[in-house]
Every structure is written in structure tokens, then in C-alpha cells.
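Engineer: In this note's numbering, the protein residues as written are 1 to 96.
Before we start, here is the structure in question, set down as C-alpha cells.
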Amino acid sequence: MSQMIERITKIETTLADNNDTIHKIEQALFGNGKPGLLSDFRILAKSVNDHHAEAAARLEAEARKREAEKQQKKLDWQWIITTLVAVAAILAVFIK
Numbered sequence: 001m002s003q004m005i006e007r008i009t010k011i012e013t014t015l016a017d018n019n020d021t022i023h024k025i026e027q028a029l030f031g032n033g034k035p036g037l038l039s040d041f042r043i044l045a046k047s048v049n050d051h052h053a054e055a056a057a058r059l060e061a062e063a064r065k066r067e068a069e070k071q072q073k074k075l076d077w078q079w080i081i082t083t084l085v086a087v088a089a090i091l092a093v094f095i096k
């Protein structure tokens with residue numbers, strides 16, 4: 001009988017220690033009157049998502065800028081070629 005009481009006491013002590021540990025983990029996750037790990041994780045996730053959105057917007061803006069520069073260079077070359085054709089036509093008229 002005394003062994004059973006000792007074992008029950010040992011089990012109660014272990015159970016109380018486990019409950020304390022679980023309570024400490026719960027306080028760490030959900031906070032004890034202050035933000036806990038869960039809210040820190042949510043803030044970090046929001047920050048990462050915001051950063052990714054900003055990076056995507058920046059990359060898209062840079063791609064649009066490169067495309068606009070490429071289009072402008074194409075237009076510049078078209079004007080140069082048009083000018084050269086016009087000058088060649090005028091020279092052809094003077095040479096004849």
C-alpha cells in the first residue's frame with residue numbers, strides 16, 4: 001500500500017510539473033499581458049508579405065521603365081533612319 005501512495009505522489013508531482021511547463025508554454029505563445037510569440041509571428045509574417053509586395057512592385061516598375069526605354073530607343077532609331085532617307089532623297093534630287 002505504501003508503494004502505491006509513493007507512486008501516486010510521484011505521478012502527481014510529475015503531473016504538476018507538466019502542468020507548470022504547459023502553462024509557461026501557453027504564456028510564451030499567447031503572452032501574459034503582453035504580446036506573445038504568436039503575435040510576434042503574425043507581425044513577422046505581415047512584414048515579410050509587405051516586403052515581398054514592395055519588391056514585386058519595384059521589379060514591375062523597373063520592367064516597365066526598361067520597356068519604355070527600349071521603346072524610346074526604337075523610336076530614336078526610326079527618326080534617325082527617316083532623317084537619313086530624307087537626306088538621301090534630297091541629295092539624289094541635287095545629283096540628278
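C-beta atoms are modelled at their ideal positions from N, C-alpha and C, and glycine is treated no differently.
Values in this document were obtained by computation on a predicted structure and should not be read as measured data.
Could you check whether Gly-36 and Leu-29 sit closer than 9 Å to each other, using their CB atoms as the reference points?
Structural biologist: As a first step, residue 29 is located in the sequence shown; it is residue number 29 there, counting from the start. As a first step, residue 36 is located in the sequence shown; it is residue number 36 there, counting from the start. Going by C-beta atoms, Leu-29 is nearer than 9 Å to Gly-36.
Engineer: Which of the three DSSP states is assigned to Met-1 in this structure?
Structural biologist: Mapped onto the sequence shown, residue 1 falls at position 1. Note: Met-1 maps to coil in three-state DSSP.
Engineer: May I ask which residues mark the beginning and end of the alpha helix (DSSP H) holding Lys-96?
Structural biologist: Residue 96 sits at position 96 when you count from the first residue of the sequence shown. Neither: Lys-96 is in no alpha helix (DSSP H) and is coded neither H nor E.
Engineer: To the nearest angstrom, how far is it from the Cα of Asp-40 to the Cα of Ile-80?
Structural biologist: Taking the first residue of the sequence shown as 1, we reach residue 40 at position 40. Taking the first residue of the sequence shown as 1, we reach residue 80 at position 80. Between Asp-40 and Ile-80, the C-alpha separation is close to 60 Å.
Engineer: Taking DSSP as the reference, what is the three-state secondary structure of Lys-34?
Structural biologist: Numbered from its first residue, the sequence shown carries residue 34 at position 34. Coil at Lys-34, not helix or strand.
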